[in-house]
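Novice:
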Amino acid sequence: MAEIDRRKEVLKAASQSFSLYGYKATTMDQIAKIARVGKGTIYTFFESKEELFQEIMMQINAEIQELAQLIYREEKSFQENMRAILQEVLTYRSNHPLVAQLVHEIRDIGTPEAMEGVRQTEEALIQYVKLKVEEYTRRGELKPSDPEITAYMLVKTYLMLTREWSSTREPLADERILELVEFYFLYGVGK
């Protein structure tokens, strides 16, 4: 097996293991077994479980940004684009086996690495939204604002209504969440 193929197999196996067992319970032995390689082979590519995990999270974050870019339509308004992007990216994120497992691990045992992994997926989306806030502001479709704060507040408001709200109250339908985000937030920065 070529070195590049073994590296890909190790990444695939690690992703499977993290998805099944979470960050904390995954071991290099499990990854080696799933990848059908010796544990030493893993260490030729990655110094630690943490480094391997970070590589996988970077791939997921790149996928999130690619998905957002695929959904984005230049001819649509900021509100229309953000509605579509937030809904699709956050659905993708919640359906992704690894991210879903990390969310469970955070809830159940609060593993710092799991928290950091989920935070990174949020940050990938925030950075994409920031670029779009800057773009729409240049085009005169949004009021001037701090693009990073605007993007952060937009993404976090959506996340709060999808995750935190439903932990103590009746969950809101996706459509209702999008309406609320637009009502309370987007129309506040839109011209």
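With the working numbering applied, the sequence shown covers 723 to 913.
Glycine is no exception: its CB is placed at the ideal position from the N, C-alpha and C atoms.
1. Can you tell me whether DSSP reads leucine 864 as helix, strand or coil?
2. Contact check, leucine 824 vs valine 840 under 8 Å by CB: the rounded distance?
3. Looking at the structure shown, is histidine 818 part of a helix, part of a strand, or coil, going by DSSP?
4. Can you check whether the CB of alanine 846 is closer than 9 Å to the CB of asparagine 783?
5. What's the call for glutamate 886, buried or exposed, on a 16-neighbour Cβ count within 10 Å?
6. Does any residue of chain E have a CB that is nearer than 9 Å to the CB of aspartate 830?
7. Can you give me the Cβ contacts of lysine 852 inside the same chain, cut-off strictly under 6 Å, excluding the 5 residues immediately before and after it?
8. If distances are taken between C-alpha atoms only, which option among Glu838, His826 and Glu772 comes closest to tyrosine 743?
9. Find out if the Cβ-Cβ distance for the pair threonine 884, leucine 894 is shorter than 9 Å.
10. Considering only residues of the same chain and omitting the five flanking positions on each side of leucine 808, which have a CB-CB separation below 6 Å?
11. So alanine 736 packs on isoleucine 793, CB below 8 Å; how close in whole Å?
12. Does the Cβ of serine 888 have 16 or more other Cβ atoms within 10 Å, making it buried, or fewer, making it exposed?
13. Use the C-beta contact count for isoleucine 828: other C-beta atoms within 10 angstroms, 16 or more gives buried, fewer gives exposed.
Specialist: Short version:
1. strand
2. 5 Å
3. coil
4. yes
5. exposed
6. Given the protein chain composition of this structure (a single chain), no chain E is represented.
7. Pro869, Glu870 and Ala873
8. His826
9. yes
10. Tyr880
11. Between isoleucine 793 and alanine 736 the Cβ distance is about 28 Å, and since that is not below 8 Å, they are no contact.
12. exposed
13. buried
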